[in-house]
Amino acid sequence: MTLLSFCEWLAETEWSIALHESFYMYPLIESTHVVALFLFAGTIAMVDLRLLGFAFRDVPVSEINARILPWTVAGAFVMVLTGVLLFYAIPVRTYQSLWFRFKVVFLLVAAFNVWRFHRRVQKNRVVWDSDERPPRSARVSGAVSLSMWAGVIVFGRMIAYNWFDCDRPQSDFVYWLSGCIVELADA
Numbered sequence: 004m005t006l007l008s009f010c011e012w013l014a015e016t017e018w019s020i021a022l023h024e025s026f027y028m029y030p031l032i033e034s035t036h037v038v039a040l041f042l043f044a045g046t047i048a049m050v051d052l053r054l055l056g057f058a059f060r061d062v063p064v065s066e067i068n069a070r071i072l073p074w075t076v077a078g079a080f081v082m083v084l085t086g087v088l089l090f091y092a093i094p095v096r097t098y099q100s101l102w103f104r105f106k107v108v109f110l111l112v113a114a115f116n117v118w119r120f121h122r123r124v125q126k127n128r129v130v131w132d133s134d135e136r137p138p139r140s141a142r143v144s145g146a147v148s149l150s151m152w153a154g155v156i157v158f159g160r161m162i163a164y165n166w167f168d169c170d171r172p173q174s175d176f177v178y179w180l181s182g183c184i185v186e187l188a189d190a
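Residue numbering for the sequence shown is 4 to 190, as defined by my numbering.
Pasting the structure below:
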């Protein structure tokens with residue numbers, strides 16, 4: 004079973020159809036997703052700006068993390084839950100969305116950056132925790148985080164537009180990137 008065939012099966016389930024066609028639930032879930040995204044991205048941005056040395060210079064990084072992390076986790080939990088529901092409501096179109104694919108790539112890079120930061124950079128935090136300007140590796144991690152989450156937000160917002168949908172005329176490259184299966188007419 005391919006991912007596309009799984010998405011096609013998912014789109015035919017009763018709950019997926021009901022959610023997609025719901026007058027109130029889909030917009031409520033989408034709005035909740037956006038609010039959770041703002042909570043998550045806002046708290047991440049505060050930590051990243053501290054890592055870059057642009058804000059909260061007199062507050063140790065560990066203190067910022069301790070105060071903000073519960074809000075970040077709450078935002079992430081709601082954001083992931085609502086994101087899964089949004090995908091479930093429109094699985095085929097979302098899976099074949101060029102914007103969704105870019106969003107996933109940016110999400111993966113952001114997740115790798117978080118893993119790298121906690122695995123390598125934060126290890127020596129006691130040495131630089133109170134410095135106004137953290138070491139280069141922490142600043143790079145903060146810059147990558149800010150740019151990746153900005154990309155996730157922009158590409159996530161673009162999913163709503165049909166510029167590159169499979170049912171619109173596109174170049175073969177765009178069809179390929181989107182995973183579109185295009186039936187060629189007999190010539």
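Every residue, glycine too, gets a C-beta built ideally from N, C-alpha and C.
May I have the straight-line CA-CA distance separating residue i from residue j, to the nearest angstrom?
| i | j | result |
| --- | --- | --- |
| V112 | M82 | 17 angstroms |
| G56 | W102 | 32 angstroms |
| D175 | V130 | 53 angstroms |
| F90 | F41 | 19 angstroms |
| A14 | P94 | 6 angstroms |
| D168 | K106 | 16 angstroms |
| P30 | W18 | 16 angstroms |
| K126 | S65 | 12 angstroms |
| T85 | H36 | 5 angstroms |
| P138 | V147 | 14 angstroms |
| R53 | Q173 | 43 angstroms |
| T16 | C10 | 10 angstroms |
| W166 | A153 | 21 angstroms |
| A21 | A69 | 41 angstroms |
How close, in whole Å, do the beta carbons of residue i and residue j come, if the pair is a contact with beta carbons under 8 angstroms?
| i | j | result |
| --- | --- | --- |
| F109 | M151 | 5 angstroms |
| H23 | A114 | Not a contact, Cβ separation roughly 28 angstroms. |
| I67 | V50 | 6 angstroms |
Taking 7 angstroms as the cut-off, does the CB of residue i come closer than this to any heavy atom belonging to the ligand NAP?
| i | result |
| --- | --- |
| V87 | What this structure holds is no ligand at all, so the ligand NAP is not there to describe. |
Check residue i in the structure and name its three-state DSSP category.
| i | result |
| --- | --- |
| E15 | coil |
| Y27 | coil |
| I20 | helix |
| P63 | coil |
| I184 | coil |
| T75 | helix |
| D189 | Confidence at D189 is low in this model, with a pLDDT of 42, below 50, so its placement is unreliable and no value can be given for it. |
| F57 | coil |
| T35 | helix |
| S133 | coil |
| T5 | coil |
So, residue i versus residue j, is the Cβ gap smaller than 8 angstroms?
| i | j | result |
| --- | --- | --- |
| Q99 | S181 | yes |
| V3 | A141 | Outside the shown range of the chain (4 to 190) lies residue 3, about which nothing can therefore be said. |
| S144 | R171 | no |
| P63 | D132 | yes |
| E78 | A39 | One detail in the question is off: residue 78 reads as Gly in this sequence, not Glu. Going by C-beta atoms, G78 is nearer than 8 angstroms to A39. |
| T75 | F43 | yes |
* Along the chain, which unbroken stretches of the alpha helix (DSSP H) at least 4 residues long are found entirely within the segment 85 to 126? -> Segments of the alpha helix (DSSP H) lying fully in the segment 85 to 126: 94 to 98, 101 to 119.
* Asked: What residue ranges within the segment 135 to 176 form continuous alpha helix (DSSP H) runs of no fewer than 4 residues, ordered along the chain?
  -> Listed in chain order, they are 139 to 161.
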